[in-house]
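Novice:
There are 2 protein chains.
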Amino acid sequence: MDNSLAYLLGKLMFEIDRAADQLLQTDVGISYRRFLFLTVLQHSGTVTQHELAVALGYSDPAVSTMLVELAKDDYIQTTKSPEHGRKRLVTITAKGSEVVAKGRQLLDSHFDQLMVIADVDAQHYRELTERLQQALITKLKKEK
Amino acid sequence: MDNSLAYLLGKLMFEIDRAADQLLQTDVGISYRRFLFLTVLQHSGTVTQHELAVALGYSDPAVSTMLVELAKDDYIQTTKSPEHGRKRLVTITAKGSEVVAKGRQLLDSHFDQLMVIADVDAQHYRELTERLQQALITKLKKEK
DNA sequence: CAAATCTCAGCTACACTGACATGA
DNA sequence: CTCATGTCAGTGAAGCTGAGATTT
């Protein structure tokens, strides 16, 4: 009954999602989705919209519209590619980087507290999670 | 850079969400959200809509509309409470239970494979996850 | 002409808040 | 009257597909 890991993880994910969104919204003024979006962008450096879509696992139109919103708030910046008139290069702004840094700090500190309460070793859990994520990516690729 | 657990978990959650939804949609014909909804309902037994909303962490209207949809597909059933004319009792149907069982089996089997690939002990990870979920609930309650 | 990249239009799932009806 | 429960109306954030436009 309770011993389904898929269900358990599902519920945990749901609650983390909610909690993270709440935290980010009130303290940094951004949604969790957008925060992850910016984090991936920062991690990728300057890339084209399509590359960003692939990195995020989103469709091209989804990225396109999201970027318009993020640009409105000065979190990102797009410029035409000098060597390819169709491509647009996306870069995170200083304000965007700041949001990423702030958000990460915020979430991490709350997460650390959570780990202490749960009596779980953060380093250990992080490693397991990293392996899982890697495995999932590998699995999805193989299945396609 | 990569060493943020919050970010790592976020990405993992996102990918699991996608993968689970894909699996359930094609094999069982239901969204991941609805699957979780039904799972909680089955776990709760027969409850009022409001109780269900609390258990799920949703607003009352959200539950109300979701139930209408689920009833259309014969996954759930509602009846007026005999001792309280305003309350409506919600029960999962045989078809709903079947979907929950099928979905759980499907997700669990895929998860087990994932654990093997990632070389993570499922039992161990389950325990850590359970503790985390418990801690998160406790933490949220305290903060309110 | 074909392929890649981006945008536009329209749609869907699903959540929320605020206002309202109704029963205890 | 007031509280609790459920529904209605309207809205928002965020994703998708399919159909163009534009550039290589």
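Residue numbers (the numbering used here), protein chains in the order written: chain X, 1 to 144; chain F, 1001 to 1144. No residue lacks a Cβ here, since even glycine has one placed at the ideal position from N, Cα and C. Remember, predicted model here, so these are calculated numbers, not experimental data.
Which residues in chain X sit within 8 angstroms of F:Glu1015, going by Cβ to Cβ distance?
Specialist: Neighbours of F:Glu1015 on chain X, chain order: Gly57, Gln133, Leu136, Ile137 and Leu140.
Novice: Please state the DSSP three-state secondary structure of F:Ile1117.
Specialist: F:Ile1117 falls in the helix class under three-state DSSP.
Novice: Over the uninterrupted beta strand (DSSP E) stretch that includes X:Ser81, give me the two end residues.
Specialist: Unbroken beta strand (DSSP E) run through X:Ser81: Ile76 to Ser81.
Novice: Hey, quick one: how far does the alpha helix (DSSP H) through F:Val1068 stretch, first residue to last?
Specialist: It spans Asp1060 to Lys1072 - the alpha helix (DSSP H) in which F:Val1068 sits, taken as one unbroken run.
Novice: May I have the straight-line CA-CA distance separating X:Thr48 from X:Glu83, to the nearest angstrom?
Specialist: Looking at the two C-alpha atoms, the distance is approximately 12 angstroms.
Novice: Skipping 5 residues on each side, what residues in its chain have a beta carbon closer than 7 angstroms to that of F:Thr1093?
Specialist: Closer than 7 angstroms at Cβ, skipping near neighbours: Asp1074, Tyr1075, Ile1076 and Gln1077.
Novice: Could you work out which residues of chain X lie near F:Val1120, taking near to mean beta carbons separated by less than 7 angstroms?
Specialist: Neighbours of F:Val1120 on chain X, chain order: Leu128, Arg131 and Leu132.
Novice: Kindly indicate if chain F contains any beta-carbon less than 7 angstroms away from that of X:Thr39.
Specialist: Yes, X:Thr39 counts as interfacial toward chain F.
Novice: Give me, in chain order, the residues of the same chain whose beta-carbon lies closer than 7 angstroms to that of X:Met52; leave out the 5 immediate sequence neighbours on both sides.
Specialist: A quick correction: the sequence has Leu, not Met, at residue 52 of chain X. Closer than 7 angstroms at the Cβ level, and outside the excluded window around X:Leu52, lie Leu41, Ser44, Val63 and Val90.
Novice: Would you mind sorting F:Arg1086 into buried or exposed? The rule is 16 or more other CB atoms within 10 Å of its CB.
Specialist: With fewer than 16 Cβ atoms within 10 Å of its Cβ, F:Arg1086 is classed as exposed.
Novice: Does the CB of F:Ala1006 have a neighbour CB from chain X at under 7 angstroms?
Specialist: Interface residue, yes.
Novice: Would the stretch 1101-1113 of chain F and the stretch 118-128 of chain X be scored as touching if the rule is three or more Cβ pairs under 8 angstroms?
Specialist: Verdict: no, contact absent.
Novice: Would you decide whether X:Thr146 is buried or exposed? Buried here means 16 or more other CB atoms lie within 10 Å of its CB.
Specialist: Since the first residue of chain X shown is 1 and the last is 144, residue 146 of chain X is not available in this structure.
Novice: Can you tell which of X:Thr39, X:Asp119 and X:Ser109 has its C-alpha closest to the C-alpha of X:Glu98?
Specialist: The shortest C-alpha separation from X:Glu98 is found at X:Thr39.
Novice: Residues of the stretch 1042-1075 of chain F with a CB closer than 8 angstroms to any CB of chain X: list them in chain order, please.
Specialist: For the stretch 1042-1075 of chain F, which is checked against every Cβ of chain X, the residues closer than 8 angstroms are His1043 and Gly1057.
Novice: Against chain F, with Cβ distances strictly below 7 angstroms, would X:Arg104 count as a contact?
Specialist: Yes, X:Arg104 lies at the interface with chain F (some Cβ there is under 7 angstroms from its Cβ).
Novice: Can you list, in chain order, the residues of its chain whose CB lies under 6 angstroms from that of F:Leu1056, leaving out five sequence neighbours each side?
Specialist: Correct list, in chain order: Val1040.
Novice: At what residues does the beta strand (DSSP E) containing F:Glu1085 begin and finish?
Specialist: The displayed chain sequence assigns Gly, not Glu, to residue 1085 of chain F. Start and end: His1084 to Ile1092.
Novice: Identify whether X:Val28 lies in helix, strand or coil by the three-state DSSP scheme.
Specialist: Coil.
Novice: Does the distance from the C-beta atom of X:Gln5 to that of F:Phe1014 stay below 7 angstroms?
Specialist: It is worth fixing the name first, because residue 5 of chain X is Leu in this sequence and not Gln. No, Cβ-Cβ distance for X:Leu5 and F:Phe1014 is not below 7 angstroms.
Novice: Using C-beta distances below 7 angstroms, list every residue in its chain close to F:Asp1017, excluding the 5 sequence neighbours before and after it, in chain order.
Specialist: The answer, listed in chain order, is Tyr1032.
Novice: Roughly how many whole angstroms lie between the Cα atoms of F:Lys1011 and F:Ser1081?
Specialist: Roughly 43 angstroms separates the two Cα atoms.
Novice: Quick one: Cα of X:Leu24 to Cα of F:Leu1140, how far?
Specialist: For X:Leu24 and F:Leu1140, the distance between alpha carbons rounds to 15 angstroms.
Novice: Could you confirm whether any beta carbon from chain X is found closer than 7 angstroms to the beta carbon of F:Ile1117?
Specialist: So, interface residue.
Novice: Does the Cβ-Cβ distance between X:Ile117 and F:Ala1135 come in under 7 angstroms?
Specialist: Yes.
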